[in-house]
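Shown next, in structure tokens, is the structure this report addresses.
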Amino acid sequence: MNRLFEENKNRNIVSLDGVWQFKTDENNAGLAQGWALSPPADCHDMPVPSLWTCMPGFYRYEGVAWYFRRFTASGFTALVFHGVTGLADVYVDGVHAGQHYGGWTGFEVLLKNLTSSEHFLALRVNSTSNHTDTIPLTVADWFHHGGIMRGTELHLHDTARITHFAIRYTLSHLKDGKADATVVCSLRFFSNTTQSIQRTVKMLVDGKVVAETAVSIAGKGEAKITFELKQINLWSPDSPALYRFDAEIEDDGVADMTGFRLLEARDGKILLNGKAVKLKGVNRHEEHPDFGHALPLSLHYKDMAIIKEAGCNTIRGSHYPNDQRFLDLCDREGMLFWEEVPMWQFHEAQHKNQLVLERACTMHTQMVERDINHPSIIMWGLHNENDMTTQAAFSFSKSLAETIRTLDSSRLLTYATMMPLEDICFSLVDVVSVNKYFGWYVGESADWKIFLRDFYKKLDDEGFGDKPVIISEFGAGAIPGVRNFDAPKWSEDFQADYLDYTLKLFLADPRIAGTYIWQYCDIRVGWDSLGRPRGFNNKGIVDEYRRPKLAYKMVKSCYTDISNE
Ligand code: ADA
Numbered sequence: 002m003n004r005l006f007e008e009n010k011n012r013n014i015v016s017l018d019g020v021w022q023f024k025t026d027e028n029n030a031g032l033a034q035g036w037a038l039s040p041p042a043d044c045h046d047m048p049v050p051s052l053w054t055c056m057p058g059f060y061r062y063e064g065v066a067w068y069f070r071r072f073t074a075s076g077f078t079a080l081v082f083h084g085v086t087g088l089a090d091v092y093v094d095g096v097h098a099g100q101h102y103g104g105w106t107g108f109e110v111l112l113k114n115l116t117s118s119e120h121f122l123a124l125r126v127n128s129t130s131n132h133t134d135t136i137p138l139t140v141a142d143w144f145h146h147g148g149i150m151r152g153t154e155l156h157l158h159d160t161a162r163i164t165h166f167a168i169r170y171t172l173s174h175l176k177d178g179k180a181d182a183t184v185v186c187s188l189r190f191f192s193n194t195t196q197s198i199q200r201t202v203k204m205l206v207d208g209k210v211v212a213e214t215a216v217s218i219a220g221k222g223e224a225k226i227t228f229e230l231k232q233i234n235l236w237s238p239d240s241p242a243l244y245r246f247d248a249e250i251e252d253d254g255v256a257d258m259t260g261f262r263l264l265e266a267r268d269g270k271i272l273l274n275g276k277a278v279k280l281k282g283v284n285r286h287e288e289h290p291d292f293g294h295a296l297p298l299s300l301h302y303k304d305m306a307i308i309k310e311a312g313c314n315t316i317r318g319s320h321y322p323n324d325q326r327f328l329d330l331c332d333r334e335g336m337l338f339w340e341e342v343p344m345w346q347f348h349e350a351q352h353k354n355q356l357v358l359e360r361a362c363t364m365h366t367q368m369v370e371r372d373i374n375h376p377s378i379i380m381w382g383l384h385n386e387n388d389m390t391t392q393a394a395f396s397f398s399k400s401l402a403e404t405i406r407t408l409d410s411s412r413l414l415t416y417a418t419m420m421p422l423e424d425i426c427f428s429l430v431d432v433v434s435v436n437k438y439f440g441w442y443v444g445e446s447a448d449w450k451i452f453l454r455d456f457y458k459k460l461d462d463e464g465f466g467d468k469p470v471i472i473s474e475f476g477a478g479a480i481p482g483v484r485n486f487d488a489p490k491w492s493e494d495f496q497a498d499y500l501d502y503t504l505k506l507f508l509a510d511p512r513i514a515g516t517y518i519w520q521y522c523d524i525r526v527g528w529d530s531l532g533r534p535r536g537f538n539n540k541g542i543v544d545e546y547r548r549p550k551l552a553y554k555m556v557k558s559c560y561t562d563i564s565n566e
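Under our numbering, the very last position in the sequence shown is 566; numbers go up by exactly one each time.
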């Protein structure tokens with residue numbers, strides 16, 4: 002199951018998860034040797050989903066690897082992959098059937114008319130990164146995993162498939178946690194015939210038919226259905242009211258959950274349903290030493306419980322689209338979420354690279370189209386710590402902002418800048434977010450006060466004084482178990498003192514709308530990247546096995562002392 006709720010009953014889904022055959026292709030010889038149709042003799046079992054970089058013998062393998070299995074289907078079938086790292090090429094019975102770039106969003110391969118019933122599936126996965134045009138680049142502060150990290154499915158169809166389902170709305174008469182909504186549901190369809198076929202689209206909300214419309218599909222089709230919902234319960238962290246939407250046609254159906262809320266950024270505040278909300282957050286990598294990014298559902302639940310216990314009301318999914326089940330959990334728990342794509346410290350060369358722009362726009366489009374219905378997502382992040390001091394950065398980021406706003410005008414836009422005093426792109430976003438590490442990488446903790454004074458002056462002088470300011474990253478490393486009365490760097494004592502000082506400073510500052518501690522848990526990083534002790538980024542307030550450090554209780558006391566307003 003790829004979601005926390007039942008799929009629509011009209012959709013016939015067969016899971017392909019389990020044991021596949023696996024072979025690394027160090028010399029990139031697989032294609033020439035015909036592995037797409039007949040695998041090499043010396044394959045071995047590999048569980049799917051999983052990352053080969055978490056399996057003995059493959060911890061550090063970055064490159065091309067192949068997965069193989071057979072499947073049974075005939076007629077119109079969709080092969081669905083919810084997350085494959087890097088570049089994925091799909092071969093069915095030896096024929097190239099689809100390609101996808103970008104690990105953290107899913108993709109589907111539509112097989113229009115399978116004649117026989119037994120088929121051979123080969124998936125070529127290339128996890129190679131470079132310093133030029135991959136997203137992320139080789140230098141990124143997390144481990145470059147390889148594998149099929151999320152679920153795989155067969156969707157069995159007759160003639161038509163719903164390929165996209167977005168719920169947009171405008172609210173009116175907001176009062177006492179309720180509102181009226183004008184809802185516009187957008188659907189796209191695919192059929193296995195170019196002849197025009199007619200379908201009736203039924204929209205159901207919480208099991209009740211609220212609208213119907215006819216649609217013609219000739220290979221492809223789309224439909225919009227508009228209807229009114231009166232006095233619905235608004236979604237908020239304290240009252241995360243969700244509604245189940247089903248879109249059904251005669252031979253397919255999709256389901257999604259959504260919640261209704263109004264997001265605004267004005268007068269330096271972030272408002273939810275007209276009330277200012279103080280964001281108290283952490284940055285969370287979907288990472289674990291034994292699972293990589295392929296976290297089991299139980300760990301998503303454990304992370305959510307630990308983060309809520311710390312008094313957080315928001316999570317930044319640093320630095321890539323998250324598992325849809327975790328986003329479903331955020332919806333259910335009222336946990337506000339910042340989602341972004343894995344663009345980490347890109348510079349002018351990347352901002353001028355057409356392939357990077359195409360890949361980035363595609364990743365943003367796939368992220369927004371996949372996750373647009375999640376009420377918990379309040380912000381889209383354009384990128385992380387890019388060099389934002391050049392015209393190339395401005396036009397690159399403007400394209401990304403326009404791409405997202407075309408798809409979704411309901412959420413706030415931001416990006417995390419690491420050069421706030423030199424940044425020239427704040428006009429593109431609703432919320433200004435700052436990553437800084439005064440007192441860890443540079444200077445002393447008290448330098449934050451001087452920085453904030455200078456930064457507010459810059460914002461006011463440049464006319465951005467009304468944009469909410471978020472401190473989106475700040476933190477200190479603490480190697481688990483290192484304790485010391487004089488609290489030297491890398492001790493848990495230093496980290497706890499650092500977060501106590503910074504959180505109290507930020508949470509008392511009326512110009513700061515939110516904080517995201519770097520970071521929730523320690524994560525594995527590339528052994529040769531950034532020289533991190535023990536090959537981990539050690540700034541978690543819990544370690545990689547989610548064991549609390551001294552700082553965890555410090556964060557909890559700071560966050561729970563402050564109201565959400
Ligand atoms: C940056 C970056 C994070 C992490 C952090 C750190 O802010 O965005 O991914 O690398 O620094 O630990 O230095």
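Backbone N, C-alpha and C fix where the C-beta goes; we use that ideal spot for every residue, glycine too.
Bear in mind the structure is a predicted one, so any value in this text is a computation, not a measurement.
Could you work out which residue in L205, I513, D501 is closest to D247 when comparing CA atoms only?
-> L205
What whole-angstrom Cβ distance do H352 and T391 have, given they're in contact under 8 Å?
-> 7 Å
Presumed contact (8 Å Cβ cut-off) between G478 and K540, rounded CB distance | 5 Å
CA-CA distance, M258 and E341?
-> 21 Å
Round the Cβ separation of T78 and L157 to the nearest angstrom and send it over; I've been treating them as touching at under 8 Å.
-> 6 Å
Compute the distance between the beta-carbons of D26 and W67, then report whether it is under 7 Å.
-> yes
Check R360 in the structure and name its three-state DSSP category.
-> helix
Starting from R317, follow its DSSP beta bridges and name the residues at the other end.
-> N284, W339
Alpha carbon to alpha carbon, how far is R512 from G536?
-> 37 Å
Spatial neighbours of G466 within its chain, please: CB distance less than 8 Å, with the 5 preceding and 5 following residues excluded, ordered by chain position.
-> G269, Y457, L460
Are at least three pairs of beta-carbons, each pair with one atom in the region 379-399 and one in the region 412-429, less than 8 Å apart?
-> yes
Using a Cβ-Cβ cut-off of 7 Å, state whether A182 counts as contacting chain B.
-> Checking the listed chains, one finds no chain B in this structure; it contains a single protein chain.
Environment of L138 [buried if 16+ CB atoms lie within 10 Å] = buried
Find the nearest neighbour of N385 within the set N29, A98, A141, T116, judged by alpha-carbon distance.
-> A141
Could you pull out every residue in the same chain whose Cβ sits closer than 6 Å to the Cβ of G335, ignoring the five residues on either side in sequence?
-> P238, P241
Opposing strand residues paired with A266 [DSSP bridges] = I271
CA-CA distance, L413 and V443?
-> 31 Å
State the start and end residues of the unbroken alpha helix (DSSP H) segment that holds Y351.
-> The question names Tyr, but residue 351 in the sequence shown is Gln. Where Q351 is concerned, the enclosing alpha helix (DSSP H) stretches over 349-352.
Given a threshold of 16 other Cβ atoms within 10 Å of its Cβ, counted over all protein chains shown, does F190 qualify as buried or as exposed?
-> buried
Going along the chain, which unbroken runs of the alpha helix (DSSP H) with 4 or more residues stay wholly within the region 376-461?
-> 392-408
If you follow the alpha helix (DSSP H) that D501 is part of, which residue opens it and which one closes it?
-> 493-508
Figure out for me which residue from S192, R200, I168, R285 has the closest Cα to the Cα of V185.
-> I168
What runs of the beta strand (DSSP E), each 3 residues or longer, lie entirely inside the region 187-245?
-> 198-206, 209-218, 221-234
Count the CB pairs spanning the region 39-52 and the region 174-188 that are closer than 8 Å, and state whether there are at least three.
-> no
DSSP state of D562 mapped onto helix, strand, coil | helix
At 3 residues or longer, and completely inside the region 127-167: list those beta strand (DSSP E) runs for me, N to C.
-> 153-158
Would you report the Cα separation of F486 and Y302, rounded to the nearest angstrom?
-> 35 Å
Taking 6 Å as the cut-off, does the CB of D142 come closer than this to any heavy atom belonging to the ligand ADA?
-> yes
Let me know if N193 comes out buried or exposed under the rule of 16 or more other beta-carbons within 10 Å of its beta-carbon.
-> buried
Which residue comes first and which comes last in the beta strand (DSSP E) that contains K24?
-> 19-25
Any idea what DSSP makes of W67, helix, strand or coil?
-> strand
Selection from N127, Y517, Y438 that minimises the alpha carbon distance to G31 | N127
Is it true that the region 115-131 meets the region 85-95, where meeting means three or more beta-carbon pairs spaced less than 8 Å apart?
-> yes
Apart from the five residues just before and just after R71, which ones in its own chain have a Cβ nearer than 8 Å to its Cβ?
-> E119, H120, F121, L122
Report the residue from Y60, P297, D494 whose alpha carbon sits nearest the alpha carbon of L5.
-> P297
Within the same chain, show all residues whose beta-carbon is closer than 6 Å to that of F108, passing over the 5 residues directly before and after it, in chain order.
-> F82, H101
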